[in-house]
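Visitor:
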Amino acid sequence: MGDLPFHDRTDFDIVERGFVAKLSPAVVKAADGKIVWDNDSYDFLDADCPPTAHPSLWRQAQLCAKQGLFEVTDGIYQVRGLDLSNMTLVEGERGVIVIDPLISTECAAAALRLYRDHRGDRPVTGLIYTHSHADHFGGARGVTDGDGIPVIAPAHFMEHAVSENVYAGTAMNRRALYMYGQILPRSVDGQLGCGLGMGTSAGTVSLLPPTLDITHTGQEETVDGVRIVFQLTPGTEAPAEMNFLFPDRRALCMAENATHNLHNVLTLRGALVRDTRIWSRYLTEAIALFADHAEVAFASHHWPTWGKDSIVAFLTQQRDLYAYLHDQTLRMLNRGMTGSEIAEAMQMPPALEAAWHTHGYYGSVSHNVKAIYQRYLGWFDGNPAHLWEHPPVEQSRRYVECLGGTTAVLAQAERYIREGDLRFAATLLNHAVFADQGNSPARKMLAQLYTRMGHGAENATWRNFYLTGATELTGRPSAGMTTTTSPDMLRALTAEQIFDSLAIRVNGPRAWNERFAIDWRLTDTGERHRTTMSNGALIHEQTRSGDDGADLTLRLTRQRLLGLLDGEDADGIDHDGDMTVLQRLRAVLEDPTPDFAIVTP
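Residue 221 in the UniProt record's numbering sits at position 221 of the sequence shown, and the numbers go up by one each step.
1) Select from P150, T200, L57, I149 the residue whose C-alpha is nearest the C-alpha of residue 604.
2) Give the DSSP-derived three-state secondary structure of A65 in the structure shown.
3) Would you tell me roughly how many angstroms separate the C-alpha atoms of V166 and D8, rounded to the nearest one?
4) By a C-beta neighbour count over all protein chains shown, 10 Å radius and 16 as the cutoff for buried, is M1 buried or exposed?
5) Quick one: residues in its chain with C-beta nearer than 7 angstroms to the C-beta of D11, no 5 flanking neighbours on either side, listed in chain order?
6) If M453 and L410 are in contact, beta carbons under 8 angstroms, what's the gap, nearest whole angstrom?
7) Along the chain, where does the beta strand (DSSP E) that runs through P154 open and close?
8) Does the stretch 510-523 come into contact with the stretch 226-234, if we say contact requires no fewer than three beta-carbon pairs (one atom in each stretch) closer than 8 angstroms?
9) In its own chain, which residues sit with a C-beta less than 6 angstroms from the C-beta of H302, not counting the 5 before and 5 after it?
10) Need the endpoints of the alpha helix (DSSP H) that M172 sits in, please.
11) Helix or strand or just coil, what does DSSP make of L89?
12) Taking the alpha carbon of G126 as the point to measure from, which residue in D135, A161, H133, G92 has its own alpha carbon closest?
13) So, with DSSP's three-state summary, where would you put M1?
14) Could you have a look at N6 and say whether DSSP puts it in helix, strand or coil?
15) Using alpha carbons as the reference points, say which of S41, L208, A299 lies closest to Y77.
16) Helix, strand or coil: which one does DSSP assign to R250?
17) Taking Cβ positions, are V229 and L245 nearer each other than 7 angstroms?
18) Grab the span of the alpha helix (DSSP H) containing M445 for me, first residue to last.
19) State buried or exposed for A313, treating a residue as buried only when at least 16 other CB atoms are found within 10 Å of its CB.
20) Which residues in the same chain as A426 place their Cβ atom closer than 6 angstroms to its Cβ, once the five residues preceding and following it in sequence are excluded?
21) Let me make sure I understand the geometry here. Which of D292, Y282, D309, G270 has the alpha-carbon closest to that of R319?
22) In the DSSP assignment, find the beta strand (DSSP E) that holds S534 and state where it starts and stops.
23) Look at the Cβ atom of A240, then the Cβ atom of F157, and state whether they are nearer than 7 angstroms.
24) Select from G420, D135, L561, P592 the residue whose C-alpha is nearest the C-alpha of H529.
25) Check whether the stretch 325-337 touches the stretch 263-278, taking contact to mean three or more Cβ pairs, one atom from each stretch, closer than 8 angstroms.
26) Can you list, in chain order, the stretches of the alpha helix (DSSP H) that have 4 or more residues and sit fully within the stretch 366-398?
27) What is the residue span of the beta strand (DSSP E) that G577 lies within?
28) For W520, which three-state DSSP category applies?
29) Going by DSSP, what residue range makes up the alpha helix (DSSP H) through E285?
30) Around the Cβ of H216, are there at least 16 other Cβ atoms within 10 angstroms (buried) or fewer (exposed)?
31) Could you check which residue in A351, N368, I342 has the C-alpha nearest to that of Y322?
32) Out of curiosity, what's the CA-to-CA distance linking L429 and R415?
33) Quick one, which of R59, K34, R80, D32 has its alpha-carbon nearest F19's?
34) Using a Cβ-Cβ cut-off of 8 angstroms (strictly less than) and excluding sequence neighbours within five positions of P601, which residues of its own chain qualify?
35) Excluding the five sequence neighbours on either side, which residues of its own chain have a C-beta within less than 7 angstroms of the C-beta of R186, listed in chain order?
36) Buried or exposed, going by whether 16 or more other CB atoms sit within 10 Å of the CB of T105?
Now the structure itself:
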């Protein structure tokens, strides 16, 4: 860190470029008065770095906290600092095209109002989603109802947008609470943002289905008189993602494929592992396709980059970052090293280390290397001792017993803390807590240690995990999760996804001895589906007209199906067969646990 150019204030000048106006106060409320976003809570960042923060992360937080409406180039504006992501507005012949309408409808509406206050009351004439993550589509209904305007997204957008937020949505949202520090105070010893932005808003998540898919690189569309040339980049930062050029404005949108930090290969909240090999190759392709035609590059997070040479340098370093991590991880993997060993051995090139935008404020070299290892070899490192280990509580009890009991473990942990080995002290104290979760001294010591480790972290998501873990250990409540399974999200589920989401709620052992089949005939779409309970698994298949053998046949609309599976009564549903089968199905379903413990048993 001593080699980092803290004297260089270039980014602080660039982040102010094109500034038009702030939202003042920078507070967004829901209709009921609930605060869903408060960027003013980060005013404490207007100070020198305190001892409770890593100086590099403090700098990144100061830059990300810059809030307001900014001109990117003639006819293109961004609203930054009103949610985790940016909302970009491109002026057309009749109105304005909105790119990535934030997470919440409330924040998106506030961003659009700020734009209109200074650029006129232009109608929204198009909507573009750069990729399939909720912070890039959730606020859609805050800017438009979608009537009559194109809604553009990369191919397979809906499949990935819905499946990520529904299948493992409960667990992801729980872990996101830790990753984004949603319950932490915004203060010098609390949440400093998340590296990619300041945090996630807590308003209403919506979703307008796309009306136009981008299916191939080179596809050109004209929206409200504005030409757009697209580059499809599946498997990069999201399973469905795209970059695009506004050739007449010489402006390049890099979605979330090149931002001012090292991104996640596998997010700490959980997701599919991303492909760093293809990520770097798409960045190479973007340079070849667009560099000669762009004078400014902007993204869905952070601040733009101006000038062809600066754009090429920026994209080249971002490309090299992911290529190097991929190739060096594979090189060491093929020498027999495990993921954790590679993470410790990985040394980044000096030229990349010296660039601010390659630092791990959001992703990290350590957990990205392990993700690359996981993508190729999975969780098992090949050592038979790790093939069938005890689960955490049982393992911890045995470790503590071998070390002489909890008191001895705490004494050893104190020694390692004094010697500066905080990582192993955390391991010991974690065993103590899992072996005896009611042991207050162990919990207190581990909470203090997590706080110290959080304050020293350059990576914002690591800081948030450590500090939120300390909060859980001291017994404070952990409410405030963002809910992504909104009505719009549920309506966007295909019938297959509806039955998939039902199947993962079946308590298998409870259903072992159940045998039944239900035919579902959707009267509004004409679809016919069958679910069969077999050996504790709910099997789904599409059926043809004339199929028989079901214990129960239900004829209902898709919306009624969603309500029925959510617990609504079945009164008035047209049916044949035994309606008690429906009750038998409901009896083996269980609801997920949205507030499960993470750092305690």
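Even glycine gets a Cβ: it sits at the ideal position worked out from N, Cα and C.
Guide: This is what the structure gives:
1) The chain is shown only over 1 to 601; residue 604 falls outside these bounds and no answer can be derived.
2) Sequence index remark: in the sequence shown, residue 65 carries index 65 (1-based). Three-state result, A65: coil.
3) Mapped onto the sequence shown, residue 166 falls at position 166. Mapped onto the sequence shown, residue 8 falls at position 8. Their Cα atoms are separated by approximately 44 angstroms.
4) Within the sequence shown, numbered from 1, the residue matching residue 1 stands at position 1. Residue confidence for M1 is low, a pLDDT of 46 falling below 50, so the modelled location carries little weight and cannot support an answer.
5) By 1-based counting over the sequence shown, the position of residue 11 is 11. These residues qualify, in order along the chain: L63, W356.
6) For this step, residue 453 is matched to residue 453 along the sequence shown. For this step, residue 410 is matched to residue 410 along the sequence shown. Contact flag wrong, Cβ pair sits at about 17 angstroms.
7) For the purposes of this step, residue 154 is identified with residue 154 of the sequence shown, where counting begins at 1. Taken as a continuous stretch (DSSP letters only), the beta strand (DSSP E) holding P154 covers 151-154.
8) no
9) Start at 1 with the first residue of the sequence shown, and residue 302 comes out as number 302. The answer, listed in chain order, is T259, H260.
10) Taking the first residue of the sequence shown as position 1, residue 172 is located at position 172. 169-179 is the extent of the alpha helix (DSSP H) around M172.
11) In the sequence shown, residue 89 corresponds to position 89, counting from 1. It is a strand residue.
12) The residue labelled residue 126 in the question sits at position 126 within the sequence shown. Nearest C-alpha to G126: G92.
13) Within the sequence shown, residue 1 is the residue found at index 1, counting from 1. Residue confidence is low: M1 scores 46 on pLDDT, short of 50, so the model does not pin down where it sits. Its coordinate-derived value is still stated next. M1 carries a coil assignment under DSSP once its states are collapsed to helix, strand and coil.
14) In the sequence shown, residue 6 corresponds to position 6, counting from 1. One point to set straight first is that residue 6 is Phe, not Asn, in the sequence displayed. Looking at F6 - three-state DSSP - the assignment turns out to be coil, as it is neither helix nor strand.
15) In the sequence shown, the residue the question calls residue 77 occupies position 77. Residue A299 is the option with its Cα nearest to Y77.
16) As a first step, residue 250 must be located in the sequence shown, where it is residue number 250. Coil at R250, not helix or strand.
17) Looking up residue 229 in the sequence shown gives position 229. Looking up residue 245 in the sequence shown gives position 245. Yes, they are a contact pair.
18) Here residue 445 is taken as the residue at index 445 of the sequence shown, counted from 1. Start and end: 440-455.
19) As a position in the sequence shown, residue 313 is number 313, starting the count at 1. That one is exposed.
20) Locating residue 426 in the sequence shown gives position 426, where the first residue counts as 1. Around A426: L449.
21) For the purposes of this step, residue 319 is identified with residue 319 of the sequence shown, where counting begins at 1. Among D292, Y282, D309, G270, the Cα nearest to that of R319 is on Y282.
22) As a position in the sequence shown, residue 534 is number 534, starting the count at 1. From DSSP, the beta strand (DSSP E) with S534 extends over 528-534.
23) Walking along the sequence shown from the start, residue 240 turns up at place 240. Walking along the sequence shown from the start, residue 157 turns up at place 157. In this structure, A240 places its C-beta atom within 7 angstroms of the C-beta atom of F157.
24) Taking the first residue of the sequence shown as position 1, residue 529 is located at position 529. Taking only the C-alpha atoms, the option nearest H529 is L561.
25) yes
26) none
27) Along the sequence shown, read from residue 1 onward, the residue named residue 577 stands at position 577. Per DSSP, G577 belongs to the beta strand (DSSP E) from 574-577.
28) Taking the sequence shown and counting its residues from 1, one reaches residue 520 at position 520. W520: strand per DSSP, three-state reduction.
29) Numbered from its first residue, the sequence shown carries residue 285 at position 285. 276-290 is the span of the alpha helix (DSSP H), which, as asked, contains E285.
30) For the purposes of this step, residue 216 is taken as residue 216 along the sequence shown, with counting starting at 1. When all chains shown are included, H216 counts as exposed.
31) For this step, residue 322 is matched to residue 322 along the sequence shown. That would be N368, whose Cα lies nearest to the Cα of Y322.
32) Indexing the sequence shown from 1 puts residue 429 at position 429. Indexing the sequence shown from 1 puts residue 415 at position 415. Each residue's Cα considered, the two are about 12 angstroms apart.
33) Residue mapping note: residue 19 aligns to position 19 of the sequence shown, counting from 1. Out of R59, K34, R80, D32, R80 has the C-alpha closest to the C-alpha of F19.
34) As a position in the sequence shown, residue 601 is number 601, starting the count at 1. Cβ neighbours of P601 beyond the five flanking positions: P392, V393, V433, F434, Q437.
35) Taking the sequence shown and counting its residues from 1, one reaches residue 186 at position 186. Once the five neighbours on either side are set aside, the close Cβ partners of R186 are S41, Y42.
36) What you label residue 105 is simply residue 105 of the sequence shown in a count that begins at 1. Buried, because 16 or more other Cβ atoms sit within 10 Å of the Cβ of T105.
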